[in-house]
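Here the structure comes first, spelled out in structure tokens, and everything after it is commentary.
2 protein chains.
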Amino acid sequence: MDAIDERIIEMLQANARESFATIGKSVDLSAPAVGKRVKQLEEKGFILGYSLRLNHEKFGVKTKAYINLKIHQSSTIKTALNQIKYWNEVQRCDRITGEDSLLVLAYFKSNKELITLLERISQYGIPTTRIILES
Amino acid sequence: MDAIDERIIEMLQANARESFATIGKSVDLSAPAVGKRVKQLEEKGFILGYSLRLNHEKFGVKTKAYINLKIHQSSTIKTALNQIKYWNEVQRCDRITGEDSLLVLAYFKSNKELITLLERISQYGIPTTRIILES
DNA sequence: AATCAAACATGGATGCTATCGACGAGAGAA
DNA sequence: TTCTCTCGTCGATAGCATCCATGTTTGATT
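Keeping their order, the protein sequence lines are chains A and B.
Position 130 of the first sequence, counting from 1, maps to 130 under the UniProt record's numbering, and the rest follow consecutively.
Position 107 of the second sequence, counting from 1, maps to 107 under the UniProt record's numbering, and the rest follow consecutively.
Right, dumping it as structure tokens:
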């Protein structure tokens, strides 16, 4: 991880489909050299993968919300975490310090979806919902 | 946006550098056809861009935290939001309903960085920090 | 039902890209 | 020095993205 690797990562973060040749021109390296560096960044675990930035609103998302969850029994926190984080609407699910033990970020296409999730999540604890107004 | 577009997006979400030819084989379309669909998804705003999934721990991140911020005067919420979200350590910054008006997610390389951010953020309001224990 | 236009897919051609292997330069250790 | 490891370049090759011309399908209109 030197300065060149950082610049390569920066460029891939801006556009993960950028060609190694173009990146190479920018960092003054040949395309194979960039390719080898990227491969190493993958192998060494710096880069986990390449993904999409989506416009969720375009896909029908109408509501985004944080849901604090006060788990009934602390012994089930881990179980709850490992299940909830794979739910469709869930973007993030973090175990946190403080009163509430889990913080869930989820996107919904309707309030009905939100209600459904709240009902489903109630088996683990007491949820407190906070709607995202803007970001 | 039909079923094929959805499958293309699914595949790109798994690996944004996947070739259109490979995707085409999977959705039973030629490479140019996939390319045109992707281009349209970009132009119509469904796809915002292509990005990296990074292993932040490898980059030195030691602490992740949610910081609730109770803004002093409600008139400055928007200002605070639009500044804080561009800070280096900040991953997300959302205006939310409820007592605290802003919820900030940030990654830190040290507790010192966390403290610095807390001091800096105090100009806008009263922060409450909750450390992420696991995800 | 017939017709037309728009949207969409295909296939071939072309220039780029990714990646391999061979090779050489430079850094650091024995 | 000499060995070795890392990291670069270059040339070759196979595969890829994209353009254009050509069909095909869809579905809306008359």
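Glycine is no exception: its CB is placed at the ideal position from the N, C-alpha and C atoms.
Evaluate residue i with the Cβ neighbour count: other Cβ atoms within 10 Å of its Cβ, from every protein chain shown; 16 or more gives buried, anything less gives exposed.
i	result
I23 of chain B	buried
D94 of chain A	buried
T129 of chain A	buried
S101 of chain A	buried
F20 of chain A	buried
Y124 of chain A	buried
I115 of chain A	exposed
P32 of chain A	exposed
A14 of chain B	exposed
A16 of chain A	buried
L117 of chain B	buried
residue 138 of chain B	The structure shown does not extend to residue 138 of chain B, since chain B is modelled only from 1 through 135, so no value can be given for it.
In chain B, which residues lie less than 9 Å from residue i when you measure between Cβ atoms?
i	result
F46 of chain A	L54, N55, K58, F59
List, in order along the chain, the chain B residues whose C-beta lies closer than 7 Å to that of residue i?
i	result
Y66 of chain A	I96, L103
Excluding sequence positions up to five away, which residues of its chain have a Cβ less than 8 Å from the Cβ of residue i?
i	result
L12 of chain B	E18, I23, V38, I47, Y50
T61 of chain A	With the sequence shown as reference, residue 61 of chain A is identified as Val, and Thr is not the correct amino acid for it. Cβ within range, chain order: Y107, F108, K109.
I9 of chain B	L41, F46, I47
Give me the chain A residues within the contact set of residue i, using Cβ-Cβ distance strictly less than 9 Å, ordered along the chain.
i	result
residue 142 of chain B	Outside the displayed span of chain B (1 to 135) sits residue 142 of chain B, for which this structure offers no information.
S135 of chain B	L81, K85, R92, C93, D94, R95
S51 of chain B	L12, Q13, A14, N15, A16, Y50, S51, L52, R53
Tell me which residues share the same chain as residue i and place their Cβ nearer than 7 Å to its Cβ, disregarding the 5 neighbours each side in the sequence.
i	result
D5 of chain A	R37, L41
I71 of chain B	I77, A80, S101, L102, Y124, G125
G35 of chain B	F20
N82 of chain B	none
N111 of chain B	T63
Apart from the five residues just before and just after residue i, which ones in its own chain have a Cβ nearer than 6 Å to its Cβ?
i	result
R92 of chain B	L105
S30 of chain B	G24
R7 of chain B	V27
M1 of chain B	none
I121 of chain A	P127
*Between the stretch 85-104 of chain A and chain B, which residues of the former have a C-beta closer than 8 Å to a C-beta of the latter?*
K85, R92, C93, D94, R95, I96, T97, G98, L103
*Check whether the stretch 29-44 of chain B touches the stretch 52-67 of chain B, taking contact to mean three or more Cβ pairs, one atom from each stretch, closer than 8 Å.*
no
*Below 9 Å between beta carbons is the criterion; list the residues of the stretch 7-18 of chain A that meet it against any residue of chain B, in chain order.*
I9, L12, Q13, A14, N15, A16, R17, E18
*For the 8 Å Cβ check, are there 3 or more pairs between the stretch 58-71 of chain B and the stretch 98-115 of chain B?*
yes
*At a Cβ cut of 9 Å, what residues of the stretch 106-134 of chain A count as close to chain B, listed as they run along the chain?*
T128, T129, R130, I131, I132, L133, E134
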